[in-house]
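Visitor: Submitted below is the structure of interest, expressed as structure tokens.
Residue numbers (our numbering): 71 to 517.
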């Protein structure tokens with residue numbers, strides 16, 4: 071009996087050992103897979119509440135989608151990719167036949183996105199706050215890359231987790247092509263001196279202060295609605311009947327400001343009477359000599375040559391020729407070949423000159439300080455701004471040197487016998503000198 075019992079115990083122990091060994095072996099099958107199909111097409115973004123994605127048919131990755139140029143990159147709100155974009159029938163596969171986990175068929179990580187310009191330069195930081203259109207400098211089209219990493223999970227299989235799959239989508243975005251502004255070179259070189267204001271109490275000068283944006287009837291300064299700070303003059307003015315520039319001088323230069331990057335366009339002169347104007351491939355237009363009529367510059371969008379922008383101007387209303395010559399009024403008159411070949415006060419600057427007996431400004435002293443107003447067509451300095459050698463290096467204007475100031479120019483206007491008005495070329499200030507004043511003045515002749 072005891073033997074029998076012992077044999078039974080031995081048999082039972084062996085069976086248990088066999089069972090344990092069998093249950094400890096795990097059968098390894100194939101991992102499930104994420105089937106991408108067109109799932110990446112559901113990546114998208116909103117602009118002003120409108121959703122855009124390839125899946126919805128509102129944008130195609132193979133085409134450039136145009137948007138309002140006043141939008142910033144921050145106005146493009148990327149929509150987070152979620153589980154609802156995946157279907158456990160269409161987007162799940164397991165060759166072993168294991169079903170998708172009913173509780174968690176997929177795991178979706180955070181959606182990441184990046185902006186790049188057409189040159190492959192990533193756009194980050196404060197550049198995302200810039201408008202994408204006029205003067206942005208972004209080479210077009212922009213690339214918006216969206217990525218989300220996804221895994222699939224089976225219900226029972228081993229392994230039950232798939233390899234990670236990246237769902238990636240790239241959209242091409244650009245502003246509507248525009249010719250935006252005509253930007254004087256002084257605004258490019260000296261953006262800190264775009265317009266000037268005068269404090270009526272102290273006569274102090276200030277540049278680019280918003281409180282001096284409007285012209286003052288006594289001291290001038292400011293700018294008209296045709297000038298946009300940092301960009302230049304509107305190509306379709308609302309105040310002037312003329313386009314910038316309506317005045318000129320040898321060496322004057324301005325840039326046609328386009329949407330996107332300047333190099334997205336090809337520039338050429340299609341009308342250049344007299345041959346005195348040139349343009350480079352950054353849209354910089356230079357007046358080498360006085361044209362004999364209307365000049366037209368054409369900008370053609372490289373990626374779509376059917377899109378062209380023509381800009382026509384005529385800088386002959388007032389043409390001045392600054393001279394690297396300094397002398398008395400009579401010496402300058404001779405240099406220009408006579409009084410009839412000299413520039414008038416109004417042709418040179420649109421600054422007012424207060425000549426009243428009392429200033430009515432809370433003190434007894436007359437207001438002397440004054441400056442030009444940025445405006446199209448009524449004066450050389452009012453159009454071209456801080457008109458110095460550094461602003462226009464190919465010209466003969468004198469440089470502003472506050473420690474040794476000499477950049478004043480004679481005009482034909484008489485204040486009283488033997489005294490003539492002079493103008494400062496950097497700020498358009500109007501003063502006066504004795505005709506034979508030993509401080510002397512520079513010549514600007516009529517062209």
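Cβ atoms here follow ideal geometry from the backbone N, Cα and C, with glycine treated the same way.
In this text, all values refer to a predicted model and were calculated from it rather than measured experimentally.
Considering only their Cβ atoms, is the gap separating residue 388 from residue 417 smaller than 8 Å?
Guide: Position 347 of the chain shown holds residue 417. Position 318 of the chain shown holds residue 388. Cβ distance < 8 Å, so residue 417 and residue 388 count as in contact.
Visitor: With C-beta atoms as the reference, is residue 293 less than 8 Å away from residue 423?
Guide: Within the chain shown, numbered from 1, the residue matching residue 293 stands at position 223. Within the chain shown, numbered from 1, the residue matching residue 423 stands at position 353. Not in contact: residue 293 and residue 423 (Cβ atoms no closer than 8 Å).
Visitor: Helix, strand or coil for residue 259? Go by DSSP, reduced to three states.
Guide: Residue 259 sits at position 189 when you count from the first residue of the chain shown. Helix, per DSSP.
Visitor: Taking the alpha-carbon of residue 421 as reference, which of 195, 438, 394 and 442 has the nearest alpha-carbon?
Guide: Taking the first residue of the chain shown as position 1, residue 421 is located at position 351. Out of 195, 438, 394 and 442, 442 has the C-alpha closest to the C-alpha of residue 421.
Visitor: Distance check for residue 274 and residue 450, CA to CA, integer angstroms please.
Guide: To locate residue 450, count along the chain shown from 1; it is residue 380. To locate residue 274, count along the chain shown from 1; it is residue 204. Going from the Cα of residue 450 to the Cα of residue 274 covers about 24 Å.
Visitor: As an exercise, report each continuous alpha helix (DSSP H) stretch of at least 4 residues that is fully enclosed by the segment 432-492, in chain order.
Guide: Correct list: 450-454.
Visitor: In angstroms, rounded to a whole number, what distance separates the CA positions of residue 196 and residue 242?
Guide: The count along the chain shown starts at 1 and reaches residue 196 at position 126. The count along the chain shown starts at 1 and reaches residue 242 at position 172. Whole-angstrom Cα-Cα distance: 21 Å.
Visitor: From 452, 123 and 248, pick the residue whose C-alpha is nearest to that of residue 132; which is it?
Guide: Here residue 132 refers to the residue found at position 62 when the chain shown is read from its first residue. Checking every option, the nearest Cα to that of residue 132 belongs to 123.
Visitor: With DSSP run on the structure shown, which of helix, strand or coil describes residue 237?
Guide: Looking up residue 237 in the chain shown gives position 167. Three-state result, residue 237: strand.
Visitor: Could you please give the first and the last residue of the uninterrupted alpha helix (DSSP H) stretch that includes residue 406?
Guide: Within the chain shown, the letter at position 336 stands for residue 406. From DSSP, the alpha helix (DSSP H) with residue 406 extends over 399-406.
Visitor: In its own chain, which residues sit with a C-beta less than 8 Å from the C-beta of residue 223, not counting the 5 before and 5 after it?
Guide: One-based indexing of the chain shown puts residue 223 at position 153. The answer, listed in chain order, is 102, 170, 171, 174, 175, 176, 177, 230, 231 and 232.
Visitor: In the structure shown, what three-state DSSP assignment does residue 535 receive?
Guide: Because the chain is modelled from 71 through 517, residue 535 falls outside the range shown and cannot be assessed.
Visitor: What residue range is occupied by the uninterrupted beta strand (DSSP E) comprising residue 141?
Guide: Against the chain shown, residue 141 aligns to sequence position 71. Where residue 141 is concerned, there is no enclosing beta strand (DSSP E), given that its DSSP letter is neither H nor E.
Visitor: Would a C-beta distance cut-off of 8 Å place residue 461 and residue 468 closer than the cut-off?
Guide: As a working note, residue 461 is residue 391 in the chain shown. As a working note, residue 468 is residue 398 in the chain shown. Not in contact: residue 461 and residue 468 (Cβ atoms no closer than 8 Å).
Visitor: Across which residues does DSSP place residue 318 in a beta bridge pair?
Guide: For this step, residue 318 is matched to residue 248 along the chain shown. Paired residue(s): 389.
Visitor: Spatial neighbours of residue 304 within its chain, please: C-beta separation below 6 Å, excluding the five flanking residues on both sides.
Guide: Along the chain shown, one-based indexing puts residue 304 at 234. Excluding positions up to five away in sequence, the list reads 296.
Visitor: What residues match up with residue 224 in a beta bridge as DSSP calls it?
Guide: For the purposes of this step, residue 224 is taken as the residue at position 154 of the chain shown. Its beta-bridge partners are 170.
Visitor: Starting from residue 107, follow the beta strand (DSSP E) in both directions and report where the run begins and ends.
Guide: Position 37 of the chain shown holds residue 107. It is not in any beta strand (DSSP E) - residue 107 carries neither H nor E in the DSSP assignment.
Visitor: With respect to the alpha helix (DSSP H) encompassing residue 351, which residues constitute its N-terminal and C-terminal limits?
Guide: Looking up residue 351 in the chain shown gives position 281. First-last for residue 351: undefined, no H or E at that position.
Visitor: What does DSSP give as the partner residues of residue 366 in its beta bridges?
Guide: Mapped onto the chain shown, residue 366 falls at position 296. Its beta-bridge partners are 341 and 382.
Visitor: Whole angstroms is fine: what's the gap from residue 264's alpha carbon to residue 248's?
Guide: What you label residue 264 is simply residue 194 of the chain shown in a count that begins at 1. What you label residue 248 is simply residue 178 of the chain shown in a count that begins at 1. Residue 264 and residue 248: Cα-Cα distance of roughly 24 Å.
Visitor: Looking at residue 513: is its Cβ nearer than 8 Å to the Cβ of residue 489?
Guide: Residue numbering aside, residue 513 sits at position 443 when the chain shown is read from its first letter. Residue numbering aside, residue 489 sits at position 419 when the chain shown is read from its first letter. Contact flag unset, no.
Visitor: Under a Cβ-count criterion, where at least 16 other Cβ atoms within 10 Å of its own Cβ denotes burial, should residue 146 be classed as buried or exposed?
Guide: Counting from one through the chain shown, the residue named residue 146 turns up at place 76. When all chains shown are included, residue 146 counts as buried.
Visitor: With distances taken from CA atoms, which of 334, 154 and 346 is nearest residue 373?
Guide: Numbered from its first residue, the chain shown carries residue 373 at position 303. Ranking 334, 154 and 346 by Cα distance to residue 373 puts 334 first.
Visitor: Which of the three DSSP states, helix, strand or coil, is assigned to residue 217?
Guide: As a working mapping, residue 217 is identified with position 147 in the chain shown. Strand.
Visitor: Here's a check: name, in chain order, each residue in its chain whose Cβ is nearer than 6 Å to the Cβ of residue 507, leaving out the five neighbours to either side.
Guide: Mapped onto the chain shown, residue 507 falls at position 437. Result list for residue 507: empty, nothing under 6 Å.
Visitor: Quick check: what's the CA-CA separation for residue 268 versus residue 491?
Guide: Residue 268 sits at position 198 when you count from the first residue of the chain shown. Residue 491 sits at position 421 when you count from the first residue of the chain shown. So the two alpha carbons sit approximately 20 Å from each other.
Visitor: From the DSSP output, in three-state form, read off residue 512 for me.
Guide: Locating residue 512 in the chain shown gives position 442, counting from the first residue. Three-state DSSP puts residue 512 in a strand.
Visitor: Report yes if the C-beta distance between residue 310 and residue 446 is below 8 Å; otherwise report no.
Guide: Counting from 1 along the chain shown, the entry for residue 310 is found at position 240. Counting from 1 along the chain shown, the entry for residue 446 is found at position 376. A contact, by the Cβ cut-off of 8 Å.
Visitor: Do residue 361 and residue 392 have their C-beta atoms within less than 8 Å of each other?
Guide: Start at 1 with the first residue of the chain shown, and residue 361 comes out as number 291. Start at 1 with the first residue of the chain shown, and residue 392 comes out as number 322. Result no, Cβ atoms of residue 361 and residue 392 do not sit closer than 8 Å.
Visitor: Distance, Cα to Cα, residue 484 vs residue 212?
Guide: If you number the chain shown from 1, residue 484 lands on position 414. If you number the chain shown from 1, residue 212 lands on position 142. If I take the Cα positions, the gap works out to 58 Å.
Visitor: Once you ignore the five residues that flank residue 457 on each side, which residues in its own chain have a CB closer than 6 Å to its CB?
Guide: Mapped onto the chain shown, residue 457 falls at position 387. Result list for residue 457: 451, 467 and 495, in chain order.
Visitor: Report the partner residues of residue 277 according to the DSSP bridge assignment.
Guide: Residue 277 sits at position 207 when you count from the first residue of the chain shown. Answer by DSSP bridge pairing, in chain order: 266.
Visitor: Can you list, in chain order, the residues of its chain whose CB lies under 8 Å from that of residue 240, leaving out five sequence neighbours each side?
Guide: Counting from 1 along the chain shown, the entry for residue 240 is found at position 170. Result list for residue 240: 131, 213, 214, 215 and 216, in chain order.
Visitor: Consult DSSP for residue 326 and reduce its assignment to one of helix, strand or coil.
Guide: Looking up residue 326 in the chain shown gives position 256. Residue 326 falls in the strand class under three-state DSSP.
Visitor: Secondary structure at residue 498, three-state DSSP: helix, strand or coil?
Guide: Working through the chain shown from its first residue, we reach residue 498 at position 428. Note: residue 498 maps to coil in three-state DSSP.
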